[in-house]
């Protein structure tokens, strides 16, 4: 029996957003490893073992999964969203980089999924229709200085900005710092969206402008999108406006 | 009969990467609208009309689709990758913004898909494991000055950089300009990947370093990934290294 490890993206929640490759990888696994709330989304299968853990133990979880695969198990590391975007793929390859030499020879695959950013963009219209950047506001693993440097650079480049992990109970203040910094560098009228729990029963979207935005609206399940100078709201009758970043820049306006 | 318009992402190619929501939207449509090679990927259905067009007619195609929906058709606008990322969603909402007032009341949905960037990242390991930006090098709709400004900002922010539309027959030179600019701002040893036609039969991946990269390798079907200062190759026996951008930044190294 030869082991293997697949890092599988569940997307933001709904099964309608999980591609067949991910479903097949989940079905083929002898062992599922992941943050417990993600494991809870995967239907139980007879004979399949489950190894749930806390959200903060990503590297330990990755090592456990690699050791299981090395011992012959077919392991699926279950990740929210796209495992490649602020999720489990990096943790697994960090563990490979730092870990036992034999792990480098393992059959490891990454199964992509719909990220929270894409789900939010789909609901909003086309906010990522042009150049954008994605920044995690968590300073658990990087100094705040680099976050601030990236926010300034994103403003200087006039990118659409997607903020992941904007706030948590342990660090409620970063999103306030981020908005303060961005207000110094971007127009007050810049469109902003708070897209929370997209695809889940408690989904909530708030559209606003940079000057009016209340950063306290963001929590760990919120994706914050801040427009470029070209981003606009497209009004529609009786409904939330669409958020659009056109493909053209400063052309024909 | 009431019309509707869904903007549907086919992903990079393989049906294994198309989520059920997208399959359902394609099945429910009376009319498929899109760039002909994308339409060719969708299995024929009896009674379903197909409206193929050239790649450069995105805005005309969006208007045609909106007019069809307004006349009562259930239209699926077929897009490669994720329609929200350098694809058809922006064109449709631009057409709404500029078009007939009645189009604003239409039932329009965006169905997300796996983008070429995510497919490339999955194959490579975890190159997008930390903050990144996505830039289209096409200057068909924006001045080169803004592309250059964004490349400089992306380097200043030490983002991982994903370059979409790096080159075409009509504009082979931009990717050379982009590499020349980035070589002035980033380390010569920065990992670079050329990921071409991921998920297609002619998929090809080339890993290199910024100093050694040959920009002429990129064509319209290539996604170019350029690492941050933290991005590294993780060697493995008998196979291409993994490309990893760790979640930590300047911590514990």
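Protein chains in written order, with my numbering: chain G, 53 to 305; chain D, 53 to 305. We treat Cβ as the ideally placed atom computed from N, Cα and C, and that holds for glycine.
Contact between residue 118 of chain D and residue 78 of chain D does not hold, since the beta-carbon distance rounds to 18 Å and is not under 8 Å. Remark: fewer than three beta-carbon pairs, one from each stretch, lie closer than 8 Å, so the region 154 to 172 of chain D and the region 196 to 206 of chain G are not flagged as touching. Taken residue by residue, none of the region 237 to 254 of chain G has a beta-carbon sitting less than 9 Å from a beta-carbon on chain D. The C-alpha of residue 175 of chain D lies about 8 Å from the C-alpha of residue 250 of chain D. Boundaries of the alpha helix (DSSP H) around residue 110 of chain D: 110 to 122.
Taking C-beta atoms as the reference points, residue 141 of chain D and residue 183 of chain G fail to come closer than 8 Å. Checking the DSSP bridge columns, you'll see residue 174 of chain G has no partner listed. Within the region 266 to 292 of chain D, the complete beta strand (DSSP E) segments of 3 residues or longer fall at 274 to 278 and 284 to 288, listed in chain order. Beta-carbon to beta-carbon, residue 59 of chain D and residue 144 of chain D are separated by about 6 Å, close enough to satisfy the 8 Å threshold. The way I'd put it, the region 59 to 70 of chain D does touch the region 123 to 143 of chain D; three or more beta-carbon pairs between them come closer than 8 Å. For the region 95 to 114 of chain D, there are no residues whose beta carbon sits under 7 Å from a beta carbon of chain G. Inter-residue distance for residue 85 of chain G and residue 276 of chain G is about 28 Å (C-alpha atoms, whole angstroms). In the displayed model, residue 198 of chain D falls within a helix according to three-state DSSP. Counting only the Cα atoms, residue 213 of chain G lies some 7 Å from residue 206 of chain G. DSSP places residue 59 of chain D in no alpha helix (DSSP H) but in the uninterrupted beta strand (DSSP E) bounded by 56 to 61.
When secondary structure is reduced to three states using DSSP, residue 87 of chain D falls in the strand class.
Burial of residue 83 of chain G is indicated by the presence of at least 16 other C-beta atoms within 10 angstroms of its C-beta. DSSP lists no bridge partner for residue 138 of chain G. Check the Cα spacing between residue 93 of chain D and each of D:107, D:67 and D:109: the tightest is with D:67. The beta-carbon distance between residue 293 of chain D and residue 171 of chain D, rounded to whole angstroms, is 18 Å. This is too long to meet the 8 Å contact definition. In this structure, DSSP gives residue 154 of chain D a helical state, which the three-state scheme calls helix. Less than 8 Å divides the Cβ of residue 278 of chain D from the Cβ of residue 244 of chain D.
In the three-state DSSP reduction, residue 227 of chain D falls in the helix class (H, G or I). Taking C-alpha positions only, residue 188 of chain D is separated from residue 238 of chain D by approximately 19 Å. Taking the beta carbon of residue 218 of chain G as reference, no residue of chain D falls within 8 Å; the closest one sits roughly 13 Å away. At a cut-off of 8 Å between C-beta atoms, residue 296 of chain G counts as an interface residue with respect to chain D.
For the region 132 to 151 of chain G, the residues whose beta carbon sits under 7 Å from a beta carbon of chain D are, in order, 134, 136, 137, 141, 142, 143, 145, 146, 148 and 149. If you compare the alpha carbons of G:191, G:242 and G:254 with that of residue 225 of chain G, the shortest gap goes to G:191.
Of the candidates D:99, D:116 and D:96, the residue whose Cα lies closest to the Cα of residue 105 of chain D is D:116. At least one beta carbon of chain D lies nearer than 8 Å to the beta carbon of residue 288 of chain G. Burial check for residue 209 of chain G: the Cβ neighbour count within 10 Å reaches 16 or more, so the residue is buried.
Counted as a single uninterrupted DSSP element, the alpha helix (DSSP H) harbouring residue 74 of chain G occupies residues 72 to 80.
For the set D:108, D:102, D:55 and D:81, the Cα lying nearest the Cα of residue 299 of chain G is the one of D:108. Excluding its 5 nearest sequence neighbours in each direction, residue 101 of chain D has C-beta neighbours in its own chain below 6 Å: 83, listed in chain order. According to the DSSP assignment, residue 259 of chain D belongs to the beta strand (DSSP E) that extends over 256 to 261. Straight through space, the alpha carbons of residue 280 of chain G and residue 296 of chain G are spaced by roughly 10 Å.
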